Amino acid sequence: MKWKSALAAALLPLAAAAQPTHVPSFSGKTITILVGYKPGGGYDATARMLARHLPDHLPGKPTVIVQNMPGGNSIIGANHMYNVAKPDGLTIGTFNRNLPIAQLTKVQGVKFDMLKFAWIGSAANEATILAIRADLPYKNWDELRKAKENVVIGSTGPGANTHDFPLLLKDLLGVKLKIVSGYSSSADIMLAVERKEVDGRAGSYTSLKPFIDRNLVRPIIRARSNESVIEKLPVDESFAPNPRAKAIMALRSAPEVIARPYVLPPNTPADIVKVYRDAFAATIKDPALIAESQKAQFDLEYTSGDEAVKVLKEVLSQPKDIVDEFSKYVKFGE
Amino acid sequence: MLDAFIQGLLLVLQWKAFVFMLAGIFVGFWVGLLPGLGGATTLALMLPFIYNMQPVEAFAFLLGMHSVVATTGDITSILFGVPGEATTAAIILDGHAMAKRGEAGRALGAALASSFVGALIGAAALALAIPIVRPLVLTFGSPELFMLAIVGLAFIASLSAQGARGMVRGFLAGGLGLFLAMVGQDPQAGVARYTLDTLYLWQGLDLVPVLVGLFAIPEIIDLVVRGTSIAGNAPAGRISKGVFEGVKDVFRNWWLTVRCGLIGTFIGLTPGLGGAVAQWMAYGHATQSARTAEERKGFGQGDVRGVIGPGAACNSKEGGALIPTIAFGVPGGASMAILLGGFFLLGLVPGPDMLTKHLPVTFSLVWTIVIANIITVVACFLLLNRLTALTNVQGHLLVPVVLVLVFIGSYTSNSSYADILVSLIFGALGYFMVVAGWPRAPLVLGLVLGKIAENYLYISVARYDFAWLGRPVVVVLLIIAVGVILFPAVQAWRSRRAHG
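Just so you know, the protein sequences line up as chains A and B, in that order.
Heads up: the first sequence at position 53 corresponds to 53 in the working numbering, and the numbers run straight through without jumps.
With positions in the second sequence counted from 1, the corresponding number in the working numbering is that position plus 1000.
Now the structure itself:
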């Protein structure tokens, strides 16, 4: 049997040498980023920016293009990624960060299991805050909490962070808020703030920052997040009167860590997944991309696929009573 | 102020900015001509090209492209009855009817001249409004926006045929439009309404497949049934001749052109109403200019005023839509939202600064709209003979090409087969409406205004209870709405008196 181990020993370096050829090369291929929204929004803009820089970090410098598959708040795109797209690494998908909520609350039309996607990770995280007009008498969270009169908050509608975040502040923490929904966009609410039709709005910190800088609104409270700039703001969960309320607030904010999710179809080979994870991590650190994203006022930050799956497991493993309670407040949307 | 005005012009005339504008115009020209491929989508696609440009060059490129789309969209609408853009559907009613009568040249001449004048009005309004822009936009809160939608809906009275029967049909069609606007997830409770358990309808009916079906398919059926060319048996020589007649028509109806231009600017200026509304209100206003019952009946059969009205509004609204985008960072529509992204990319922060520190840049935007339109209109006039000749091509050669354009056009809105199904369904509906003499314009008006009216009514009541009814601008708009509704009756009375 000696010759066999000798042969193995002789072949070992060969096998090791063969390893690099296993790294899939995309030379001459075209990779499609499937976006679950129409052109023009934040998900689309992020995908188009990544498409410009990903080729430099993928083996073989493939061409990367963006394809839009809108509809059903991007459920249609996710269904396509799950059931139709081939697991060959040539199609990657990005969609609504709240799709785990859609799966959790069993929204009709969902034909995917979030956990079975091959997760590349997320290209950004989002921090939701509530900001109110700077000329109001409430300067901070403590003062707002003790407000006697209703503070009017504009929202785009259920399922959006402009709506759900203040709704939980109102219903679970008892803040005197009056939520007026139906504005066509968060920019539209901002205009309503400016003409004093509403007193404030909730939304991502990045989208509110220009207005905070202009001293039109003042940040008051935030949801749990990784954003370091607003660390000093109080966090909604820490004021929860009971564990159940805390769980509901945590559940609402959980998907915000994976605000720009990117996935490969289920059963994509592990080596392809690894190539993409590495490429995303490198692309988001690329100085050229950082310069561009800063100009466009997006804050890109890579959250690894493993981290994303951890968040998803946390969201999707909630006990039934919490889910039922949660669905009373939060509906899937946008 | 004047200084900045001239500085803005000089900025656009720098050779680099000018070349980029020409490139933008070239792209916009084709995007406008091809149905479905919308201006907003193209802007999103072109955004990455501006990373390495200076602000003035980038906006010459983007805005040059954008302000051309609506102009050339009119051409497709008039020649084939296929809406080149969602914002150029109203011009079909009379424009295509003229083309079928062999007056494609005159219709195109009128459309190009009126959209040119409209662009100038929009740009002038933008320039003049700069000092008062902030208070002006801030006056229009949700209650006022709701009332504006009501004024828009009141135009159903003008868009319907006269007489009790015509009115009832108009209002029923408008009601159907309002009903269709309800499809989708509602923004107050998040309930899915009339979605037939499909994901496709969650975000509501898309306007493009509906318009393409409603307007283009009946024309295609008509063309097949007639078995001739679009212009029928009109002699070939006549078709392209009327171009200057059309230009003259604009000057003959000068004040109508100006008024419709102002309607467009105003609708553009109000964020949330959207470009699809402006053309129909302008068309409705144009029908009010009919002096006799016979004249009123001529609308929809090829009255040149029905071309001039929406033509003028279609481009002037772009100047208006820039105002809230620049002054507040609040886009007046989907295209403006993408332009806003461009602002950020270039390091310009929309807001008060754009009206003071960056005033030359703001004026360069105004100039870009003006110059891009001059170039496009001249280019179009050079091509008109070739374009109008298409209405002389035999139907059996034209129909396959137009059908392909129609289906690609509707498919591009969601890349879903359901888009084509929607077009076919509305095509059948449109065909039967035409055959039975029901007006399609009120249906479209209901569809575009339904959601706006619903949302702003909800916000007004939720925010102010009933106190909003007493706001001065609301009252004024209410009086205007009543006036618009009663106008056809006044018209009928006037024409009776003139005859009797």
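A virtual CB, placed ideally from N, CA and C, is assigned to each residue, including glycine.
Please read these numbers as outputs of a predicted model, since none were measured by experiment.
According to the DSSP assignment, Pro219/A belongs to the beta strand (DSSP E) that extends over Val217 to Arg222. Taking the CA atoms as reference points, Ile1375/B sits about 10 Å from Phe1381/B.
Against chain A, a Cβ distance below 8 Å from Leu1045/B picks out Pro39.
Residues of chain A whose Cβ lies closer than 7 Å to the Cβ of Asp1003/B do not exist, since the nearest Cβ in that chain is about 26 Å away.
Secondary structure at Arg1193/B: strand, using DSSP grouped into helix, strand and coil. Taking a beta-carbon distance threshold of 8 Å, Leu312/A does not count as an interface residue toward chain B. Chain-order list of chain B residues neighbouring Gly72/A: Leu1199, Tyr1200, Trp1202 and Gln1203, by C-beta distance under 8 Å. Close partners of Leu1345/B in chain A (Cβ separation under 9 Å): Glu292, Lys295, Ala296 and Gln297. Taking the CA atoms as reference points, Ala1192/B sits about 33 Å from Asp299/A.
For Asp44/A, the neighbours in chain B by C-beta distance under 9 Å run, in chain order, Ala1044. Counting of Cβ neighbours within 10 angstroms places Glu1144/B among the buried residues, the total reaching 16 or more.
Contact note: Asp188/A reaches chain B through Pro1271, Gly1272 and Val1330, using a C-beta cutoff of 7 Å and chain order. For Arg244/A, the enclosing alpha helix (DSSP H) stretches over residues Pro243 to Ser253. When the beta-carbon positions are compared, Thr32/A and Ile76/A stay at least 8 Å from each other. Within chain A, Gly40, Gly41, Ser185 and Ala187 have C-beta atoms less than 9 Å from the C-beta of Ala1337/B, given in sequence order. At a cut-off of 8 Å, the C-beta of Val1349/B has a neighbouring C-beta in chain A. Put simply, the backbone Cα of Leu1009/B is about 39 Å away from that of Leu54/A. Between Ala47/A and Thr91/A a beta carbon distance of about 13 Å is seen, past the 8 Å cut, so the two are scored as non-contacting. Those residues of the segment 1393 to 1423 of chain B placed with their C-beta closer than 9 Å to a C-beta in chain A are Ser1413, Asn1414, Ser1415, Ser1416 and Ala1418, ordered along the chain.
Beyond the five residues adjoining it in sequence on each side, Ser1115/B comes within less than 8 Å, by CB distance, of Ala1070, Thr1071, Asp1074, Gly1311, Ala1312, Cys1314, Asn1315, Asn1373 and Val1377 in the same chain, given in chain order. Taking a 10 Å sphere around the C-beta of Pro1488/B, we find 16 or more other C-beta atoms and assign the residue as buried. Boundaries for Trp1015/B: no beta strand (DSSP E) harbours it, while the alpha helix (DSSP H) harbouring it runs Trp1015 to Leu1033, taken from the DSSP string. Straight-line spacing of the CA atoms in Pro1271/B and Pro1331/B works out to 7 Å.
A distance below 7 Å between beta-carbons, with the five flanking residues on each side excluded, links Gly333/A to the following residues of its chain, in chain order: Asn73, Gly157, Pro158, Gly159 and Ala160. By the rule that beta-carbons nearer than 8 Å mark a contact, Ser181/A touches chain B. DSSP places Trp1367/B in the helix class (H, G or I) of the three-state scheme. As summarised for the segment 135 to 207 of chain A, the continuous beta strand (DSSP E) elements at least 3 residues long and confined to that stretch are 151 to 155, 177 to 181 and 200 to 204, given in chain order.
Taking a contact as a CB-CB distance under 8 Å, the pair Ser155/A and Ile132/A does not count as one, their CB atoms being some 14 Å apart. Using a Cβ distance threshold of 8 Å, Val1210/B and Leu1447/B count as a contacting pair. One Cα belongs to Ile212/A, the other to Tyr205/A, and the distance between them is close to 9 Å. Assignment of beta-bridge partners to Thr30/A by DSSP yields Thr63/A. Residue contact with chain A for Thr1041/B: present (Cβ-Cβ distance below 8 Å to some residue of chain A). Within the same chain, and ignoring the five residues on either side of Asp1186/B in sequence, the residues whose Cβ sits closer than 6 Å to its Cβ are Arg1193. Measuring C-alpha to C-alpha distances from Asn98/A to each of Glu301/A, Leu251/A, Ser293/A and Gln318/A identifies Leu251/A as the nearest. Three or more beta-carbon pairs drawn from the segment 1079 to 1089 of chain B and the segment 1268 to 1283 of chain B are found closer than 8 Å, and the two stretches are therefore classed as touching. Counting along the chain, Val263/A sits inside the beta strand (DSSP E) bounded by residues Pro261 to Leu264.
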